[in-house]
């Protein structure tokens, strides 16, 4: 497989919305959505899937580097992940500029994270695809943009050199003379460095360095290298700093003490134009490769040209989607386009930067993580960027591969090897099930959710095997996909504390029986309160914390519904369509029971389709959008998980929800009069057009539909609509239709019917 550059830039036509000239799409992208209250979104400068990701780093809620809180800024670093849960990731080798050093003595400048931490000026943050800027109270304006492996910073210093906002040193209590110093710190966001070295060239000021760091999740360590060059001022002096302070005349420093202070600095004469440009190349291979990357990508230090190139790359990436935005609020438009944008931030294209083996094969990393992204992110990329999806590689990789195969992705993929990989996942128990493959039955933790999700993995393998003509394998894995039934206890009940009072007299029987439960090797069932790990009861009790729970990031209420491949069997087990619908509505309507901030919950908005009530799916979509998903700083209900929440919103607003791992898209009315996707391979356009649309969203129920002019009664479509192009017309009304999508023949497929087709 040969990599064809994803980020080739061409001159692009202006974005159009259903034939009407629209605004620059980048004006409708707000990278700051989700940068507070646990969203952990990276809002800085990046290319689509770019390795270099530059932003200001803060010292509180720092998982995305920057957060829209009142935290102090500690530096400007060049690699980040977006929307991560848990610990902070990357943020390696931050730069930090200072206008000068008090007393005109370099050792009086501030070198440690805690000493140099500084407030930003409120209202000065500017975030836009390919660009980020912020002003510090030291009167320094920091701007940044990127190429694929290189970050470019422009630090603008106060013209007077010592403006009123310039910080003073607590020893001299005097303004610092105007002689800027910029340091490069051998640290990362989580202070995880175990080894490190740095050199600074006394003549040119070039700083090169390496560090070995720990990941925020997973095992092992990684080593990263950087190369920083500067333009705009003459070098006055250079040196290094450590726990012992800063020294000049020394150009090399090795540090093997994890978490210790270490780095290099360059002291400049007064800049000619009050600006200093800093270019930082990155590589996982070597410092030489980092320098080579920087010189090849941003050889001329042209900030405006680099920013313009990045913006063109983003316009090209977003141009496959168009919508009729007439009458639609700017809030909805920003939420939509920002969601699509976040879906292209991660994973990162590390092709040519994998130190584990030499190959020109595509290599993507920083999947955060496939457990989250296989549900909506990868299906969205299959629609909007099938080439990138074909280049990309928990056991949920099975679902990603099956989804890609069933939707016809080729692009040089060795599907024989791909099938071998999913079978290996299914059959070979790894040494560490937490980072690869599947765990065996002897692992007494999260047994319920693992059983259920592994059952779906097996179904995806069965679909893939059937499509490849492997009938025996298809039968085997189809049978295994029914293993979810083994943890379904038809007699279990859920007694809820709806008031939160400790008085047991306030407990209420939900009225529904039958929940998934842990099961022992002798065949008997244990009991886990079905409300456990919902906002109602010990919300965070089922995360990565050890012991005491048999589900992950959700409870038995959620996982009882989570059978994406065989809703027909589940509906029967839960008492039939009527009872199923009442139970699903109860789940959504009971405060504290349902949480839409974890990705496996997305499907539960659309399960009404399988019971012949697709109108209710549309109703609940509008319950959560825009109440939980909107264009505010906290406009997502949980961490974004590499755009998993963004991709969910983007898909739903276009009127489709993919059942990841299957060739099935469930239909709801788009949030626009018309939404179109142009297939980047074929150039064909698929359009969903709504008749009777109203921008107040009162007509949210599909009454009837036509596919290319012919009546269409199914509540779902297949991927062929997007590869072949066409027009799907929806007639909307203010009340749920008693006929459209309600007949048995019109329901989305379940396991038995899928294997009959």
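In mature numbering (1 follows the signal peptide of the UniProt record, and there is no 0), the protein residues as written are -21 to -1, 1 to 736. Every residue gets a Cβ at the ideal spot worked out from N, C-alpha and C, and that includes glycine. As the structure is a prediction and not an experimental result, all values here were calculated from the model.
Measure the alpha-carbon distance for residue 430 versus residue 584 and round it to whole angstroms. Straight across, the Cα-Cα distance linking residue 430 with residue 584 is about 22 Å.
Helix, strand or coil: how does DSSP classify residue 523 here? Reduced to three states, the DSSP call for residue 523 is coil.
For residue 45, which residues from the same chain have a beta carbon less than 7 Å from its beta carbon, with the 5 sequence-adjacent residues on both sides left out? Around residue 45: 14, 22, 23, 34, 35, 36 and 37.
Considering only heavy atoms of the ligand HEM, does any lie closer than 6 Å to the CB of residue 589? Of ligands this structure carries none, so the ligand HEM is not represented either.
Residue 220 by DSSP, collapsed to three states: which one? Residue state, collapsed to three classes: strand.
Using DSSP's beta-bridge definition, name the partner residues of residue 296. According to DSSP, which records beta bridges pairwise, residue 296 is partnered with nothing at all.
Excluding sequence positions up to five away, which residues of its chain have a Cβ less than 8 Å from the Cβ of residue 114? For residue 114, the CB contacts under 8 Å within the same chain, skipping 5 residues up- and downstream, are 99, 100, 103, 120 and 121 in chain order.
Going by C-alpha to C-alpha distance, which of 124, 400, 170 and 241 sits closest to residue 177? A check of alpha carbon separations from residue 177 across 124, 400, 170 and 241 identifies 241 as the nearest.
Helix, strand or coil at residue 619 according to DSSP, with G and I counted as helix: Note: residue 619 maps to coil in three-state DSSP.
DSSP three-state call for residue 57: helix, strand or coil? Coil.
Between the segment 583 to 600 and the segment 613 to 624, are three or more C-beta pairs nearer than 8 Å? The segment 583 to 600 vs the segment 613 to 624: no contact.
How big is the Cα-Cα spacing for residue 365 and residue 209? Distance between the alpha carbons of residue 365 and residue 209 is about 39 Å.
Taking just the CA atoms, how far does residue 396 sit from residue 562? The alpha-carbon separation between residue 562 and residue 396 amounts to approximately 43 Å.
Could you tell me the boundaries of the beta strand (DSSP E) in which residue 176 lies? For residue 176, the uninterrupted beta strand (DSSP E) segment begins and ends at 174 to 179.
Cβ of residue 330 within 7 Å of Cβ of residue 342? Pairing residue 330 with residue 342 gives a Cβ-Cβ distance under 7 Å.
Can you look up residue 191 in the DSSP assignment and give me helix, strand or coil? DSSP places residue 191 in strand when its eight states are reduced to three.
Would you tell me roughly how many angstroms separate the C-alpha atoms of residue 592 and residue 201, rounded to the nearest one? Cα to Cα, the separation comes out at about 50 Å.
Residue 593 - containing alpha helix (DSSP H), residue span: First-last of the alpha helix (DSSP H) with residue 593: 593 to 603.
Residue 692 (DSSP reduced to helix, strand or coil): Of the three classes helix, strand and coil, the one that applies to residue 692 here is coil, per DSSP.
Contacts around residue 217, its chain only, beta-carbon distance under 8 Å, and the 5 residues preceding and following it disregarded: Cβ within range, chain order: 179, 180, 181, 184, 227, 230, 243, 244, 245 and 246.
Look up residue 408 in the DSSP assignment and say whether it is helix, strand or coil. When DSSP states are grouped into helix, strand and coil, residue 408 belongs to the coil group.
Backbone CA spacing between residue 376 and residue 349 [nearest angstrom]: The alpha-carbon atoms of residue 376 and residue 349 are separated by roughly 7 Å.
Ignore the nearest five residues each way along the sequence and tell me which others in residue 671's own chain have a CB closer than 7 Å to its CB. Excluding residues within five positions, the ones whose Cβ falls inside 7 Å are 678, 710, 711 and 712.
Nearest residue (CA-CA) to residue 453, options 461, 438 and 464: Minimum Cα distance to residue 453 is reached at 438.
If the criterion is Cβ atoms closer than 7 Å, does the pair residue 494 and residue 509 meet it? Yes, these two residues count as a Cβ contact at 7 Å.
Under the three-state DSSP convention, the category residue 738 falls into: Absent from the model: residue 738. The displayed extent of the chain is -21 to 736, so no value can be given.
Following the continuous beta strand (DSSP E) through residue 670, name the residue where it begins and the one where it ends. DSSP places residue 670 in the uninterrupted beta strand (DSSP E) bounded by 664 to 670.
If I measure Cβ to Cβ from residue 613 and keep anything under 6 Å in the same chain, skipping five residues before and after, which residues do I get? Contacts found: 15 and 16.
Start and end residues, beta strand (DSSP E) containing residue 656: Annotation: the continuous beta strand (DSSP E) that includes residue 656 extends over 653 to 657.
Could you check whether the segment 270 to 288 touches the segment 75 to 83, counting it as contact only if at least three pairs of C-beta atoms, one from each stretch, sit closer than 8 Å? In short, these stretches do not touch, since the Cβ pair count stays below three.
Close beta carbons around residue 728, own chain, < 6 Å, minus the five adjacent residues each side: Excluding residues within five positions, none has a Cβ falling inside 6 Å.
Report the residue from 689, 205, 546 and 130 whose alpha carbon sits nearest the alpha carbon of residue 266. With respect to the C-alpha of residue 266, the residue from 689, 205, 546 and 130 having the closest C-alpha is 205.
Could you name the residues of the same chain whose beta carbon sits closer than 7 Å to that of residue 724, not counting the 5 residues immediately before and after it, in chain order? Result list for residue 724: empty, nothing under 7 Å.
Tell me where the alpha helix (DSSP H) around residue 312 begins and ends. Residue range 309 to 322 is occupied by the alpha helix (DSSP H) that includes residue 312.
Which residues does DSSP list as the beta-bridge partners of residue 110? Checking the DSSP bridge columns, you'll see residue 110 partnered with 107.
Could you pull the start and end residues of the alpha helix (DSSP H) that residue 358 belongs to? Residue 358 -> alpha helix (DSSP H) spans 356 to 363.
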